[in-house]
Amino acid sequence: MSLFKPAVLASAASLCLALACASTLAAEAAVAVPAPSGKAVLPSTASSATVVLAGGCFWGVQGVFQHTRGVLQAVSGYAGGKADSATYPMVSSGTTGHAEAVQVTYDPRKISYGQILQIYFSVAHDPTQLNRQGPDHGTQYRSAIFTSSNDQAQATQAYIAQINAAKVFSAPIVTQVAPLQGFYRAEDYHQDYATLYPDQPYIAYNDLPKINNLQKMYPALYRADPVLVFKH
Numbered sequence: 172m173s174l175f176k177p178a179v180l181a182s183a184a185s186l187c188l189a190l191a192c193a194s195t196l197a198a199e200a201a202v203a204v205p206a207p208s209g210k211a212v213l214p215s216t217a218s219s220a221t222v223v224l225a226g227g228c229f230w231g232v233q234g235v236f237q238h239t240r241g242v243l244q245a246v247s248g249y250a251g252g253k254a255d256s257a258t259y260p261m262v263s264s265g266t267t268g269h270a271e272a273v274q275v276t277y278d279p280r281k282i283s284y285g286q287i288l289q290i291y292f293s294v295a296h297d298p299t300q301l302n303r304q305g306p307d308h309g310t311q312y313r314s315a316i317f318t319s320s321n322d323q324a325q326a327t328q329a330y331i332a333q334i335n336a337a338k339v340f341s342a343p344i345v346t347q348v349a350p351l352q353g354f355y356r357a358e359d360y361h362q363d364y365a366t367l368y369p370d371q372p373y374i375a376y377n378d379l380p381k382i383n384n385l386q387k388m389y390p391a392l393y394r395a396d397p398v399l400v401f402k403h
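First residue of the sequence shown: 172, per my numbering; consecutive thereafter.
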């Protein structure tokens with residue numbers, strides 16, 4: 172059986188789903204990665220901090236972090252390109268420089284930056300896949316972290332080096348680390364997608380396993396009630 176990811180098109184009355192690509196592969200298995208140590212630790216006493224994470228289709232990444240304790244908001248959007256081309260149809264062409272990404276705002280007093288990255292590298296996606304993630308192919312599905320400070324960037328690079336040294340993956344991490352130049356919120360019909368459409372085949376096959384893995388691997392950080400962008 173082939174399962175498809177729909178390319179979502181907005182209309183005034185409904186959501187229209189069109190074929191984008193096919194796959195017979197389910198979500199990648201979660202991989203236990205070490206907790207950050209040394210220079211990979213980023214202390215903070217702030218009440219709020221933000222990082223933008225790209226790891227394939229934003230539906231699944233958003234779903235994972237919406238179920239993570241300490242996360243205040245997780246918004247799907249586009250990063251790495253310019254504002255005038257930050258629309259789903261244009262980004263889906265793979266020519267705009269954007270990556271589908273999620274802006275994660277969190278409370279460092281409840282969850283550390285290191286824990287956010289640990290979930291990102293172990294549960295949310297496979298950081299060894301270059302310009303693809305599971306069934307989705309193209310630079311818009313690349314693994315990337317768009318940082319908001321030099322300290323954040325340095326801690327991220329140190330953590331990637333730590334994970335590579337631990338050899339928990341069969342291939343090196345290919346995640347790009349770049350300063351955030353702009354985050355452009357995705358269309359409303361992309362927000363809260365995993366929660367709204369759990370029975371949609373792409374979500375059920377590729378993304379719900381990621382949320383289940385979050386609960387299994389990090390039970391203390393899992394929340395059953397997701398923090399959503401909209402009230403439904």
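Don't be surprised by glycine CBs; every beta carbon is placed ideally from N, CA and C.
Go ahead and label residue i buried or exposed: buried means 16 or more other beta carbons lie within 10 angstroms of its beta carbon, across all protein chains shown.
i: H269; result: buried
i: K402; result: exposed
i: V274; result: Note on identity: in this sequence residue 274 is Gln, with Val being the wrong assignment. So Q274 ends up on the buried side.
i: A315; result: buried
i: A342; result: exposed
i: T266; result: exposed
i: K381; result: buried
In terms of alpha-carbon separation, which member of the options lies closest to residue i?
i: V345; options: E271, G226, G353; result: G226
i: L392; options: S319, V262, Y277, Y259; result: Y277
i: L224; options: L243, Y291, G252; result: Y291
i: D255; options: M388, A395, Y373, A357; result: A357
i: A365; options: V204, P214, C228, P205; result: C228
i: H361; options: Y259, Q237, A206, Q289; result: Y259
i: V232; options: V204, A206, L288; result: L288
i: S283; options: Q386, V348, A395, T221; result: T221
i: A200; options: V294, S218, A315, V398; result: V294
i: D409; options: A315, G234, K281, A206; result: No information on residue 409 is available, as it lies outside the stretch 172 to 403 that the chain covers here.
i: R303; options: T267, A324, E271, L399; result: E271
i: Y376; options: W230, S219, S218, P205; result: W230
i: S247; options: V202, K253, Q386, D359; result: D359
i: V398; options: K387, Q386, D363; result: D363
Quick check: what's the CA-CA separation for residue i versus residue j?
i: Y368; j: F340; result: 31 Å
i: Q286; j: M261; result: 33 Å
i: S264; j: Y312; result: 11 Å
i: N383; j: Q237; result: 13 Å
i: A193; j: P306; result: Because the pLDDT at A193 is just 33, under 50, the model does not fix this residue reliably, and the value given afterwards should be weighed accordingly. Distance between the alpha carbons of A193 and P306 is about 7 Å.
i: L301; j: V348; result: 14 Å
i: S215; j: L379; result: 31 Å
i: V400; j: I334; result: 32 Å
i: G251; j: Q325; result: 19 Å
i: P279; j: H308; result: 33 Å
i: Y389; j: Q352; result: 31 Å
Could you tell me whether the stretch 311 to 325 touches the stretch 360 to 380, using the rule of 3 or more Cβ pairs below 8 Å? no
Does the stretch 330 to 338 touch the stretch 238 to 252, meaning 3 or more C-beta pairs lie closer than 8 Å? no
Any 3 or more C-beta pairs closer than 8 Å across the stretch 198 to 215 and the stretch 327 to 335: yes
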